[in-house]
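Everything on this sheet refers to the single structure shown next.
There are 2 protein chains.
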Amino acid sequence: MIRVMLVDDQELLRTGFRMVLGAQPDVEVVAEAADGRAAVEVLRGVEVDVVLMDVRMPVMDGVEATRLIRAVEGGPRVLILTTFDLDEYVFAALKAGASGFLLKDVPPVDLVSAIRSVHGGDAVVAPSATRRLLERFAVHLPASGGVEPGAVSGLTAREREVLVLVARGLSNAEIAGRLELAEATVKTHLGRVLAKLGLRDRAQVVVFAYEAGLVVPHSAG
Amino acid sequence: MIRVMLVDDQELLRTGFRMVLGAQPDVEVVAEAADGRAAVEVLRGVEVDVVLMDVRMPVMDGVEATRLIRAVEGGPRVLILTTFDLDEYVFAALKAGASGFLLKDVPPVDLVSAIRSVHGGDAVVAPSATRRLLERFAVHLPASGGVEPGAVSGLTAREREVLVLVARGLSNAEIAGRLELAEATVKTHLGRVLAKLGLRDRAQVVVFAYEAGLVVPHSAG
DNA sequence: GCGCCCTTCCCCCGAAAGGGGGAGACCCGC
DNA sequence: GCGGGTCTCCCCCTTTCGGGGGAAGGGCGC
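As you go down the protein sequences, you meet chains H and X in turn. Residue numbering for the first sequence follows full-length UniProt numbering, beginning at 1 and increasing consecutively. Residue numbering for the second sequence follows full-length UniProt numbering, beginning at 1 and increasing consecutively.
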């Protein structure tokens, strides 16, 4: 039995979800709240597996509530519900520890299977938004759009390739495997990278890659 | 009719996929290739809607092939197939413009619906990997409130000190000089850092430091 | 006092990395 | 053809790293 909590400031919407979920044999709505703060309060006294959380709410929004809920060890997982598409709010909620998100017009069947997935430890993303999520994810590459020649001065394509893999923490052997090269070749390329950039070892290569924006921390945009 | 191309160096796997897809009324396998370069060549002469692309292949891997294919305006969408789970390769492919990825052991039903989704402009992600994708996407905010001692799990003050210097690209000898310690001591501390954080070498320490926000690009120095 | 952890430093060892040189292959421009 | 650049791979070598011990002092709590 999956114990679900509904958090949304719209009474009608909660009613609708309650009816849909009530019809399921393995799902049980055990709690409700109309805003984030109330939700956090209620959760102190009720055992819940999955929280269906609206993003935009009065008093405390879904992002902050998600953060507080996820800060507790062994607390429930949070599935974000949003009226509109993927927006900054949703991204913030994901960063706050949500297990995924759905649009509120999700077909009941999909909602239930999403709850089961989240309960099982998986994450879910509204299909219509997956593309945009990936796009957003893909933005993380070399400083906006292309590899500017200036930053990596006279490096060849192969050398840059090796550089980036070094910057991901791979050993020469691993890079060789990934690029299907001999380790000797990787060493040759890396040696030239070190010489051209005036670096001493691979640790400095990693530093350079981050500082030059060739590699971007996944936390930041 | 959705025109599909199969790109994989394993003949048997292509055969299996061809049979599964051939049974679908709205899907048609119109081309095949055994490596990325061949795929790009073939695509110059054949109209394709969706490319099912293996990642690891000889000659040219799926990442580079995806990049080339997606560089063409109005070209086909690319769906990545991977044997293993989410790895650096898959991330690279997504960054290169892939519309998503599936594990090769995907149930036929899911494969077909994924192809339809991709053809319709949506993206798809293997359900088992969605959670990890979101983690990777969302995890560690840049420790906005400063670096609290507990953040780096069980590291001692001295270990964190060494970690940061490693993350600046210093050698053990240089760190020893700066902290006025013997190099042996630095090695001891660093060894514990590696063990506690599950890292292999100092290059991975640098990666960790940037990803965890212990070191921030530009502020370097 | 005793145990525990942190810190400091030492040994030895094997593996990985960095540096030197050389060489064959390819492509491209002259 | 001939040179330049890139990519590939090999040899040799020294240094650095990382991992396995061990050991000694200090602080802190019980």
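Cβ atoms here follow ideal geometry from the backbone N, Cα and C, with glycine treated the same way.
ask   = Should R77 of chain H go down as buried or exposed, given a rule of 16 or more other Cβ atoms within 10 Å for buried?
value = buried
request  = Determine, using beta carbons only, whether G191 of chain H comes closer than 8 Å to chain X.
outcome  = no
message = Short of 6 Å in beta carbon distance, which residues of its chain neighbour A33 of chain X, apart from the five on each side in sequence? Order them along the chain.
response = V7, A39, V42
query = Thinking C-alpha only, which one of X:R178, X:K95, X:E11, X:I115 is nearest E28 of chain X?
reply = X:I115
task = From the DSSP output, in three-state form, read off L181 of chain H for me.
result = coil
request  = Return helix, strand or coil for E11 of chain H, following the three-state DSSP convention.
outcome  = helix
query = So, does the CB of P217 of chain H fall closer than 8 Å to a CB anywhere in chain X?
reply = yes
For M5 of chain X, three-class secondary structure by DSSP = strand
Strand pairing of A31 of chain X, partner residues [DSSP] = X:M5
ask   = Excluding the five sequence neighbours on either side, which residues of its own chain have a C-beta within less than 7 Å of the C-beta of A92 of chain X, listed in chain order?
value = V63
query = Nearest to L111 of chain H by CA position, among H:E11, H:A212, H:L214, H:G16, is which residue?
reply = H:G16
task = Give the residues of chain H in contact with Q204 of chain X, contact being defined as C-beta atoms less than 7 Å apart.
result = G169
message = Please state the DSSP three-state secondary structure of D54 of chain X.
response = strand
Contacts of P58 of chain X in chain H (Cβ-Cβ under 9 Å) = E180
key: Interface residues of chain H facing V166 of chain X [CB-CB closer than 9 Å]   = A203
request  = Could you tell me whether the Cβ of V207 of chain X comes closer than 8 Å to any Cβ of chain H?
outcome  = yes
query = Does DSSP put G198 of chain H in a helix, in a strand, or in coil?
reply = coil
ask   = Measuring from the CB of D54 of chain X, is there a heavy atom of the ligand FMN at a distance below 7 Å?
value = For the structure depicted, the ligand FMN is absent and the ligand set is empty, with no information on it obtainable.
request  = Decide if V109 of chain X is buried, meaning its Cβ has at least 16 other Cβ atoms within 10 Å, or exposed.
outcome  = exposed
request  = Quick one: residues in its chain with C-beta nearer than 8 Å to the C-beta of N172 of chain H, no 5 flanking neighbours on either side, listed in chain order?
outcome  = E183, V186, K187, L190
query = Which residues share a DSSP beta bridge with G100 of chain H?
reply = H:V124
query = When you compare only the Cα positions, how much space is there between V30 of chain X and V4 of chain X?
reply = 6 Å
message = Can you give me the C-alpha to C-alpha distance between E73 of chain H and V51 of chain H, rounded to a whole angstrom?
response = 15 Å
task = May I have the straight-line CA-CA distance separating S99 of chain H from I69 of chain H, to the nearest angstrom?
result = 12 Å
inquiry  = Given this structure, state the Cα-to-Cα distance separating L214 of chain H from V164 of chain X, to the nearest angstrom.
reply    = 20 Å
Proximity winner among H:R178, H:A195, H:R192, relative to P58 of chain X (alpha-carbon distances) = H:R178
message = I need the boundaries of the alpha helix (DSSP H) containing R70 of chain H, first residue and last residue.
response = 62-71
query = Helix, strand or coil for T82 of chain H per DSSP?
reply = strand
query = For residue 242 of chain H, does the three-state DSSP call read helix, strand or coil?
reply = The structure shown does not extend to residue 242 of chain H, since chain H is modelled only from 1 through 221, so no value can be given for it.
message = Spatial neighbours of Q24 of chain H within its chain, please: C-beta separation below 6 Å, excluding the five flanking residues on both sides.
response = V112
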